[in-house]
Structure formats: structure tokens, C-alpha cells
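Here the structure comes first, spelled out in C-alpha cells, and everything after it is commentary.
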Amino acid sequence: MTALAAMQLTLLVPLIGGLLIALCGRWPNLREAVTLVTAAVLFYLVIQVFTAVELGGSEAAALYVELLEILPGLTIALHSEPLSILFALVASGLWIVTSVYSIGYMRANREKRQTQFYVCFAVAIFGAMGVAFAANLLTLFLFYEVLTLSTYPLVAHKGDDKARAGARTYLGILLATSIGLFLPAMLWTYFVAGTLDFRVGGILEGKIGEVGATLLLLMFMFGVGKAAVMPIHRWLPAAMVAPTPVSALLHAVAVVKAGVFTIAKVVIYIFGTDFLLDVPHEVIAVYIAGFTIVAASILALRQTNIKRMLAYSTISQLSYIVLAVLVLTPLAGMGAIIHIVAHAVAKITLFFAAGAIYTASKKTEINQLDGIGFRMPVTMGAFAIAALSMIGVPPTGGFVSKWYMIAGAFQNNSYFVLAVLTLSTALNAAYFLPVIFRAYFRRESVAPPKPHGEAPAPMVAAICVTAALTLLVFFLNGPLVNFEQAVLGGP
1 MTALAAMQLT LLVPLIGGLL IALCGRWPNL REAVTLVTAA VLFYLVIQVF TAVELGGSEA
61 AALYVELLEI LPGLTIALHS EPLSILFALV ASGLWIVTSV YSIGYMRANR EKRQTQFYVC
121 FAVAIFGAMG VAFAANLLTL FLFYEVLTLS TYPLVAHKGD DKARAGARTY LGILLATSIG
181 LFLPAMLWTY FVAGTLDFRV GGILEGKIGE VGATLLLLMF MFGVGKAAVM PIHRWLPAAM
241 VAPTPVSALL HAVAVVKAGV FTIAKVVIYI FGTDFLLDVP HEVIAVYIAG FTIVAASILA
301 LRQTNIKRML AYSTISQLSY IVLAVLVLTP LAGMGAIIHI VAHAVAKITL FFAAGAIYTA
361 SKKTEINQLD GIGFRMPVTM GAFAIAALSM IGVPPTGGFV SKWYMIAGAF QNNSYFVLAV
421 LTLSTALNAA YFLPVIFRAY FRRESVAPPK PHGEAPAPMV AAICVTAALT LLVFFLNGPL
481 VNFEQAVLGG P
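Using the working numbering, the first residue of the sequence shown is number 1, and each one after it goes up by one.
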């Protein structure tokens, strides 16, 4: 199989898998087997594309295919480069782990509409693959909307009033920002540049003034609502009404990663970092991202519910990526790229742990976690590893990405960015370390009527895998850095 065929199949396989899952809905074991096989096949296909791009040569150069021409110069097309492969690897790889986790979670909690859950998850991964391999803004925008629409039923999964209200907030904000800002920004780009293609060095230099470029950048920044830059962030805490596997999808596998991935693509391949360096007002976007990091961290510190604390933590951590991209230095850019991976594996571990705690003990509040580290040592051990990664403590992946961000800020003497990173690190420690302290250094005030242990085996296995990946990003980041260096120089 050629790499080009593999890239095209990354769109087809999740759709076929979703159809087969729907057909197998009456047989849960078969339905879940189809889910796992589909996820594994998709990951294999992405590995094929990755191998071709890593080796370079004629096959890598030919990884472009036009699927449909809408108007002259406006096409739906696919293309592969290191940043797109990184996102595809994260989404497809974590789909396997999340599927294993979901089997344990959905069965243990006797969730309704499980077939719908697995089908919508597959369609969401289809949208994520389209975002990853989009060759231009139009293609990316269309798949971005597919991802929004396919995850709405997942957020509303429980079907009660609270779930429906959260889902309406989720859908309303994401559609309003994409249609009200992202789409006009895309049209403006086409009007001034005559193309929407992602190109090395960008497509806007010499075609738009400094004020116009700043305004356009802010339209993209707020229009890509999935990046959750304040004040376009309320959808994320609202979506916490969903089951934990859905939270994992939103925070780690596809949705928010599609947001920061889109902003990174726009900065690198639409504006171009060299051009933005000559736009003095670009610093406004830096200040907005920095504000989001600190403000969201303060809000996380005030939360008492585990999942809501993690939601505000995600808002903060996403803006780390946005901020690092906007610093416009090679080292900071590398920090942003590594943080996409480091945050994905750590945050999914934290949500997996929260879901495991709920499944085993029905506890959802931070003040209920006294002594739980002794009842659930594996789960809380994984939680501690992931929390340390969020803070940026070695030997975790979060330390590596923050190291590059700090080094990148020093490259252009950005003291504001250094201050933000320092303050937010302290705030991260302030809301994560007390959870770990409660789990291991406080006794349970009231013993549960039915002593519990760990969650079901599939859930624990998934937690162990993602916690291990959090450590591996620290110890094996060299190949990732080498591969992604091409992003800073072009696809």
C-alpha cells in the first residue's frame, strides 16, 4: 500500500468502522471488537504515512491529493507534513486506548445508548483525520465543523436536562465562533491572497497591512473556538456533563487538539512566522493567550469538582500552545508542538483517573478524595504522574515542552511570556498538589459502606498506558524533536 492510499484511507476507515459498529449494535462484544479493530487499522495507516514522510524522497513529496474542486483555486484536498502527522498520530493512537477504557466505563456504569456513543466517536475521529490532513483552510474548516457536529450527541449523551443544556452551550459557542469569525477570516484570507492553501512561509506577506494582519489573526484566534481562548471558553466546562470517555475525547484525543492545531497551522502556513515578526500588534494575541493561561489557572484553583478543575486546567494548558506558537521563535514553536503530545497523554490520564474514581467509588468532589490513594493506588499513582506533567516537573513530558517554551521566550527576550510561565506553573502546583496530598496523606473521615478497590481492568489498563506515555515523552523526546523540526522550516 502506498502512503498516498494510506492517507486517503484514514478518512474512509473511521466511517466504515462507524457503519459496522451501528450494524453490530445488538451484539456488544462484536460491536466493541469492531471499534478496537477499526482504531488499530487507522493507527496502522497513520504509521504508514508517518514512515513515508520521515524517510522523505519522492513518495513524501507526492502526498497530496485533490478530492473535489468547488471553484477554481478552491478545492477539498489532503496533504501530509510533520505537524499534520503528529496530530493524526495523537488522535488515532489515543482512540485505541480510549476505546479500551470506554469498554470498562460504559459497561460498569451501565450507560445507555452505547452503540450511539461508539458510532459518534468514530465519526468524530473521521473529522479529526480530515482536520489533520487538510491541505488548505477550506478543507480544514469543513472537517472542523464535522468534528463539532459529531461530538454534540456525545456531550448530550446522558439525555437529562443538564446534559442537554451543556450540549446546547457547547454547540452554540463552537458554531457561533466558527461561522461568525472563522469563516469570515477565511474569506478575507482568500480575498487578499487568492488562495487558501497551506504553504511554507505563509501566503499573506506583502498582501495585507499590519493593522489588517492583526485583526485577521485575532479573528482566527477567537474564531477557532475549540482552542478555548478566553472569553471563548465557556463551552469546555459546560461539556463536563458528558461521560468521562467523552471528556477524554474533548480534552485529549481530538476536539481541543484540533483547535490548537488549527491555530498553529494558520500562524505557520497562512501568516508565516517571518511575516508576523514584522507585525508589531501581534503582541496583542500574545497578551490574550497569557491572560487566558493565568485566569484559567486561577479558576481551576477555585473548583471543588474534579472534572471542572481539569476543564479549567485544559483551558490554561491549551493557551500554553497558542502562546508558544505566537512567540515566533523556533524553540518556542518546538515547545508548542511537543506540548500537543505531552498535554494529550497527561490530560487523558487525569480524566481517565477521574472516571475510574467515579466508577469505583462514585466520588466526584476533590474533598471526597481523602485516603483514596490507598484504595486505588494504581489510579492515583497515574494521576500523580500526569499532574506533575501539567506542572512541568521532570521526568514527565510537560517538563520538556515547558523547557522549550522558556528557551524560546529567552530567544526574543519576552519577559511577559517568562512571567506567565512562572506564575502559571506555581498556580498549577497550587491546584494539583493538594489533590495528591489528600489522596496519600489524609485519612478517610468516613469509611465507605462498601469498601472499593480499583475500577474495572480495561480502565486501569488504559490509565497505565497513558501514564507510561507521559513518562516516555520525557525519555524519548529526541525522535519527536527531530521529526517535527521540519515544521519550522516547512512541510
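Ideal placement from N, C-alpha and C gives every residue a C-beta, glycine not left out.
Cβ-based burial, residue i [other Cβ within 10 Å; buried from 16]
i: residue 465; result: buried
i: residue 322; result: buried
i: residue 27; result: exposed
i: residue 72; result: exposed
i: residue 307; result: buried
i: residue 492; result: Past the boundaries of the shown model lies residue 492; the chain is included only from 1 to 491, so the question cannot be answered.
i: residue 457; result: exposed
i: residue 14; result: buried
i: residue 427; result: buried
i: residue 133; result: buried
i: residue 400; result: buried
Cβ-Cβ separation, residue j to residue i (assumed contact under 8 Å), whole Å
i: residue 217; j: residue 324; result: Wrong, their Cβ atoms sit about 15 Å apart, outside the cutoff.
i: residue 232; j: residue 420; result: So it is not a contact: roughly 19 Å between Cβ atoms.
i: residue 36; j: residue 125; result: In fact, because the Cβ distance is near 13 Å, the residues do not count as touching under 8 Å.
i: residue 423; j: residue 387; result: So it is not a contact: roughly 18 Å between Cβ atoms.
i: residue 327; j: residue 412; result: 7 Å
i: residue 226; j: residue 266; result: About 13 Å; that fails the 8 Å criterion.
i: residue 376; j: residue 356; result: 7 Å
i: residue 99; j: residue 176; result: About 31 Å separates the two Cβ atoms, so there is no contact after all.
i: residue 170; j: residue 239; result: 5 Å
6 Å Cβ shell around residue i - same chain, five flanking residues per side excluded
i: residue 146; result: 127
i: residue 491; result: Because residue 491 sits at a pLDDT of 40, beneath the cut-off of 50, its placement in the model cannot be relied upon, and the following sentence gives the value as read from the coordinates. Only 81 meet the Cβ criterion.
i: residue 361; result: 452
Cutoff 7 Å; reference residue i; Cβ partners in own chain excluding five residues on either side
i: residue 312; result: 237, 296, 299, 300 and 303
i: residue 275; result: 202, 204 and 205
i: residue 406; result: 418 and 421
i: residue 469; result: 345
Straight-line gap, residue i to residue j (C-alpha atoms, nearest Å)
i: residue 118; j: residue 151; result: 11 Å
i: residue 25; j: residue 136; result: 36 Å
i: residue 78; j: residue 208; result: 27 Å
i: residue 435; j: residue 395; result: 20 Å
i: residue 10; j: residue 461; result: 26 Å
i: residue 49; j: residue 3; result: 5 Å
i: residue 23; j: residue 185; result: 41 Å
i: residue 305; j: residue 244; result: 13 Å
i: residue 484; j: residue 268; result: 13 Å
Three-state class that DSSP yields for residue i in the structure shown
i: residue 233; result: coil
i: residue 65; result: strand
i: residue 365; result: strand
i: residue 78; result: strand
i: residue 22; result: helix
i: residue 71; result: strand
i: residue 134; result: strand
i: residue 29; result: helix
i: residue 477; result: helix
i: residue 412; result: coil
i: residue 428; result: helix
i: residue 274; result: helix
i: residue 370; result: coil
i: residue 197; result: strand
i: residue 305; result: strand
i: residue 109; result: coil
i: residue 443; result: coil
i: residue 462; result: helix
i: residue 154; result: helix
Spatial neighbours of residue i in its chain, beta-carbon cut-off 8 Å, leaving aside the 5 residues before and after
i: residue 344; result: 90, 94, 252, 253 and 257
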